[in-house]
Amino acid sequence: MNRYTNLRNTYKTALYVIAGLVLLAEVITQVTVNDLEATLLAQGIEPSDQLYTLRVATYGVGLMILAVLPFLAYGFFRPVVDTIERQVAEIESQNRRLKESEEQMRELLEQTLAQSEELLKTREELESLLKKEQESKKLLEENEEQMRELLMQTLEQSEQLLKTREELERALKEEQETKQKLEVLVKQLQEAQTKLIQSEKMASLGVLTAGIAHEINNPINFVYNGIDTLRMLLQDMFEVVDAYEALHPLKADYQQLLAQLEKVEALKEEIDFEEVKKDIHALVGDIAKGASRTMEIVKGLRTFSRLDEEERKVADIHEGIDSTLILLQNKYKNRIEIKKYYDPELKPFAHYPGQLNQVFMNLISNAIQAIPEERTDGKIEIYTEDKQENVVIRIKDNGVGIPEDKLQRIFEPFFTTKPVGVGTGLGLAIVHSIIDKHGGQIEVHSEVGKGTEFIIVLPKHEV
1 MNRYTNLRNT YKTALYVIAG LVLLAEVITQ VTVNDLEATL LAQGIEPSDQ
51 LYTLRVATYG VGLMILAVLP FLAYGFFRPV VDTIERQVAE IESQNRRLKE
101 SEEQMRELLE QTLAQSEELL KTREELESLL KKEQESKKLL EENEEQMREL
151 LMQTLEQSEQ LLKTREELER ALKEEQETKQ KLEVLVKQLQ EAQTKLIQSE
201 KMASLGVLTA GIAHEINNPI NFVYNGIDTL RMLLQDMFEV VDAYEALHPL
251 KADYQQLLAQ LEKVEALKEE IDFEEVKKDI HALVGDIAKG ASRTMEIVKG
301 LRTFSRLDEE ERKVADIHEG IDSTLILLQN KYKNRIEIKK YYDPELKPFA
351 HYPGQLNQVF MNLISNAIQA IPEERTDGKI EIYTEDKQEN VVIRIKDNGV
401 GIPEDKLQRI FEPFFTTKPV GVGTGLGLAI VHSIIDKHGG QIEVHSEVGK
451 GTEFIIVLPK HEV
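So for the sequence shown, my numbering puts the first residue at 1; every next one is plus one.
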């Protein structure tokens, strides 16, 4: 394409050069004619018409040459240019094909090189595999003897395993028999534990019997003594009533009616009728109080001694604590202040009420015994708190406290910090076993001279 452009430029240059030469010839001719005309005029010769004709002919020839020159040049150079253009186009097409072929050859060469590299790698891998196979074959040959020896050892071990299996089956059978015996023993132990808890409960009731009898005797005396007095007051009241009833037959006789009314008024003054009415009301109130107190004690006994250890029941622990305090009232009355801080949001939940009452009995009894009788500032605080999934019960006293070296052993059976003859040493051990049965936890914090606090955490179970 560049060659074609160069040819066209050469063609244009040639035209310009020829045109320039024609113009130059025309100028030279005109100058020559002008010089000739000037020479003739200088010699005094008048130029002829031929000189003018020459001038015009020279102009005409020059113009005609300039006009015809492009056509002549086009007719001469055009076939050459067309031929050159075709050759240039063919050359460019061949160049493009050569470039495409060159690119394809380059790609093919690169693919061939890549395949050659892969073949070389494959060859190396095959040689490596062949080498490994030879080594493996050698190792297999070397290990064949070892495998034969291992097979013999395996056969011997199999025989030993068969013997061991038979021994294990015998041991398993013995273990199952032992397990059955253990289940029987566990059941017996649970029954013994239940009996022990009930025995402890009965023992607690036995210890409290005198106090309970005294507590019941006081309200019963109110009732008994009040009945005799009430009988005498009612007899006076009935005399007044009889005197009023004697008025009915006397309705017709006004004088006798007035006389009878005077007798009634005299009788009322004699027995102090208004005072009798007040005394009757007071006695009825005392009798009601005695009966109510007796009912509270009986209800406390019934709640405390309930037998429901085999299944959980929904019950109110506040009732259990209150019933325990009623039974123990004779132990702390007039010397120990009981403060109760019950959580009003705590609702009845599933637990073993009878067993939990035994826990309250043992812990509160210990708190009472921990406060010397000569003290008058004794105090026991009882807290309950609802923790959504758990219930927290705290029983705190300001007694003598427990030494730190004995705190770790207080839940051991038959261990006690009390004097000889006071307690069996089973109270806190039973408490711990009951809390375990509920799936709960119990903690104790104590400081000598300041008091002891037991913290119980019980999970809320569904029935």
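Quick reminder that beta carbons are idealized off the backbone N, C-alpha and C, glycines included.
Nearest by alpha-carbon distance to lysine 379: which of Lys396, Glu117 and Lys347 is it? Here the closest residue by C-alpha is Lys396.
Buried or exposed: serine 446, going by 16 or more other Cβ atoms within 10 Å of its Cβ? Buried: at least 16 other Cβ atoms inside 10 Å.
Does threonine 13 pass the burial test, meaning 16 or more other C-beta atoms within 10 Å, or should it be called exposed? With fewer than 16 other Cβ atoms within 10 Å, it is exposed.
Can you give me the start and stop residues for the beta strand (DSSP E) that glycine 451 sits inside? 451 to 459 is the span of the beta strand (DSSP E), which, as asked, contains glycine 451.
Cα-Cα separation between valine 448 and aspartate 405, rounded to whole angstroms: Approximately 11 Å, taken between the alpha carbons.
May I ask which residues mark the beginning and end of the alpha helix (DSSP H) holding threonine 324? Note, threonine 324: alpha helix (DSSP H), 317 to 327.
In terms of residues, what are the limits of the alpha helix (DSSP H) holding lysine 339? Careful: lysine 339 lies outside any alpha helix (DSSP H), inside the beta strand (DSSP E) at 336 to 341.
Smallest Cα separation from leucine 230: which of Val284, Tyr342 and Ile435? Shortest Cα-Cα distance from leucine 230 to any of Val284, Tyr342 and Ile435 involves Val284.
Given a cut-off of 8 Å, decide if isoleucine 317 and leucine 363 are closer than it, judged by their beta-carbon atoms. No, the Cβ-Cβ distance between leucine 363 and isoleucine 317 is not below 8 Å.
Let's test the definition: count the other Cβ atoms within 10 Å of the Cβ of isoleucine 91 and tell me whether it reaches 16, buried, or not, exposed. Classification of isoleucine 91: exposed, given that the 10 Å Cβ count is below 16.
Compare the Cα-Cα distances from lysine 263 to each of Lys277, Glu239, Val276 and Asp279 and report the closest residue. The shortest C-alpha separation from lysine 263 is found at Glu239.
When we look at the beta-carbon of valine 391 and count the other beta-carbons within 10 Å, is it buried (16 or more) or exposed? If you draw a 10 Å sphere on the C-beta of valine 391, you find 16 or more other C-beta atoms in it, and that means buried.
What does DSSP give as the partner residue(s) for glutamine 441 in the beta ladder? Residue pairing by DSSP places glutamine 441 opposite Val457 in a beta bridge.
If you run the structure through DSSP and keep just helix, strand and coil, what is threonine 154? Threonine 154 sits in a helix when the DSSP states are folded into three classes.
Going by the beta-carbon positions, is the gap between threonine 384 and tyrosine 332 smaller than 8 Å? Going by C-beta atoms, threonine 384 is not nearer than 8 Å to tyrosine 332.
Out of Ala315, Asp377 and Gly427, point me to the one whose CA is closest to asparagine 366's CA. It is Gly427 whose Cα lies nearest to the Cα of asparagine 366.
Valine 359 beta carbon less than 8 Å from that of isoleucine 280: No, the pair does not count as a contact, with Cβ atoms beyond the cut-off.
Hey, isoleucine 371 and isoleucine 336 are a contact pair by Cβ (cut 8 Å); roughly how many whole angstroms apart? Yes, isoleucine 371 and isoleucine 336 are in contact; Cβ-Cβ is about 6 Å, under 8 Å.
Please identify the residue among Gln329, Glu174 and Leu120 whose C-alpha is closest to the C-alpha of glutamine 369. Out of Gln329, Glu174 and Leu120, Gln329 has the C-alpha closest to the C-alpha of glutamine 369.
Which same chain residues end up closer than 8 Å to leucine 407 when comparing Cβ atoms and leaving out the 5 residues on each side of it in sequence? Closer than 8 Å at the Cβ level, and outside the excluded window around leucine 407, lie Val444 and Ser446.
Inter-residue Cα distance where the pair is glutamate 169 and glutamate 144: Near 36 Å, if we compare the C-alpha coordinates of glutamate 144 and glutamate 169.
Pop quiz: isoleucine 393 and isoleucine 456 are said to be a contact at Cβ under 8 Å. What is the actual Cβ separation, rounded to whole angstroms? The pair is a contact, with the Cβ atoms about 4 Å apart (cut-off 8 Å).
What residues in its chain sit with their C-beta under 8 Å from that of leucine 233, if we drop five residues either side in the sequence? Annotation for leucine 233: Val276, Asp279, Ile280 and Leu283 place their beta carbon closer than 8 Å to its own, counting only its chain and skipping 5 residues before and after.
How would you write the range of the beta strand (DSSP E) that aspartate 397 sits in, first residue to last? Per DSSP, aspartate 397 belongs to the beta strand (DSSP E) from 390 to 397.
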